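Numbering (this note's numbering), first residue to last: 437 to 776.
This is the structure in structure tokens:
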């Protein structure tokens with residue numbers, strides 16, 4: 437139990453024995469009154485994943501019980517998570533706290549009955565797991581030097597795109613930007629305001645490939661940034677130029693919407709009011725396969741609703757960018773598995 441509660445018990449005893457007068461008692465009792473709500477977390481049982489059914493795990497954590505044990509190993513979480521104040525917690529419980537927090541918009545107070553911990557501990561544990569995941573795996577989304585992005589696999593991606601669209605033979609992925617709304621900030625509102633979506637936001641740039649994974653992620657950047665500006669900042673085009681060409685010596689490329697500049701490694705739709713019927717058909721064919729990158733954006737907010745609740749996404753109070761990136765790891769854990 438909290439130390440202040442013990443002090444208050446002693447004050448009550450001292451007052452009953454006339455060791456302190458009424459005025460002293462009132463002053464001291466008020467001094468040792470908690471400013472936050474008095475929530476009896478100690479009345480709840482300690483967390484035990486083995487006591488939960490698969491249905492409960494899916495509902496609360498978005499994963500089956502067995503998959504959670506696999507995830508703690510795959511994510512290389514240490515056996516014990518240590519918070520900045522020295523608090524130690526088992527890695528399975530720590531991961532479940534993180535997943536529960538992200539699964540649906542909820543307060544740490546609402547998580548107390550499940551984990552039997554006070555609100556400050558739940559907050560510190562969730563942030564500690566998020567910081568570890570970001571530090572450990574962020575490199576997977578910033579480089580093409582990955583085991584699953586070999587020349588042979590990229591060639592297969594090109595074949596898959598061509599078979600589906602019949603338009604481009606050397607396109608292996610699709611690039612697009614996503615706008616993630618956040619709570620209206622107290623400062624720098626103009627910087628974070630996105631005039632197209634009419635919201636305050638941060639933006640990310642994703643490169644999706646036909647197997648449903650994100651090969652490259654850049655961000656967060658200010659909500660006012662244009663997609664072409666993100667492309668320049670991310671240095672993605674220079675990374676594409678370093679990829680090996682196809683066996684027919686054609687350079688591999690990606691496909692983006694009209695907001696991007698047209699380059700050998702970056703193809704875009706035909707633009708203008710006088711495009712031919714053949715060009716219109718080409719645009720339609722590529723648009724039908726480009727939508728796959730939008731599906732990935734949708735999966736993130738569908739599985740982890742907390743990321744879509746902008747009232748809780750407060751710049752300078754929460755690591756909003758890390759939240760989105762860490763949620764992406766659990767949407768496509770194959771990237772982590774293949775990096776082992």
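Idealized CB from N, CA, C, for every residue including glycine. Everything numeric in this text was worked out from a predicted model, so none of it was measured.
Item                                                                                                                             : Value
Beta bridge counterpart(s) of residue 691 as assigned by DSSP                                                                    : 610 and 703
Terminal residues of the alpha helix (DSSP H) in which residue 509 lies                                                          : 501-510
Own chain, CB closer than 7 angstroms to residue 645, minus 5 neighbours either side, in chain order                             : 593, 608, 609 and 651
Cβ-based burial, residue 437 [other Cβ within 10 Å; buried from 16]                                                              : Reliability fails at residue 437, whose pLDDT of 45 lies under 50, so the model's placement of it is uncertain and the value that follows must be treated cautiously. When all chains shown are included, residue 437 counts as exposed.
Selection from 612, 602 and 638 that minimises the alpha carbon distance to residue 618                                          : 638
CB contact flag (residue 689, residue 703, <8 angstroms)                                                                         : yes
Residue 777 classed as buried or exposed, judged by whether at least 16 other C-beta atoms fall within 10 angstroms              : The structure shown does not extend to residue 777, since the chain spans only 437 to 776, so no value can be given for it.
Straight-line gap, residue 533 to residue 597 (C-alpha atoms, nearest Å)                                                         : 39 angstroms
Option in 494, 458 and 611 with minimal Cα separation from residue 643                                                           : 611
Entirely enclosed beta strand (DSSP E) segments - the segment 521-593, minimum 3 residues                                        : 524-526
Helix, strand or coil at residue 459 [DSSP, three-state]                                                                         : helix
Rounded separation between residue 573 and residue 671 - CA only                                                                 : 20 angstroms
Proximity below 8 angstroms, CB of residue 743 to CB of residue 538                                                              : yes
8 angstroms Cβ cutoff, residue 468 in contact with chain C                                                                       : Among the chains of the structure shown, chain C does not appear; only one protein chain is present.
At least 3 beta-carbon pairs within less than 8 angstroms: the segment 724-737 vs the segment 539-550                            : no
Cβ neighbours of residue 477 in the same chain (closer than 7 angstroms, five flanking residues each side left out)              : 548, 552, 553 and 554
Residue 658, DSSP secondary structure in three states                                                                            : strand
Rounded separation between residue 725 and residue 733 - CA only                                                                 : 15 angstroms
Bridge partners - residue 729, DSSP secondary structure assignment                                                               : For residue 729, which the question treats as bridged, DSSP gives no partner whatsoever.
Rounded separation between residue 498 and residue 535 - CA only                                                                 : 7 angstroms
Residue(s) in a DSSP beta bridge with residue 641                                                                                : 613 and 654
Nonlocal neighbours in the same chain, by C-beta distance under 8 angstroms from residue 517, ignoring five residues either side : 524, 525, 526, 527, 530, 561, 564, 565 and 568
Simplified DSSP state of residue 437, which is helix, strand or coil                                                             : Low per-residue confidence applies at residue 437: pLDDT is 45, beneath 50, and the placement is therefore not dependable, though the value from the model is reported in the following sentence. Residue state, collapsed to three classes: coil.
Counted within 10 angstroms of its Cβ, other Cβ atoms place residue 653 as buried (16 or more) or exposed                        : buried
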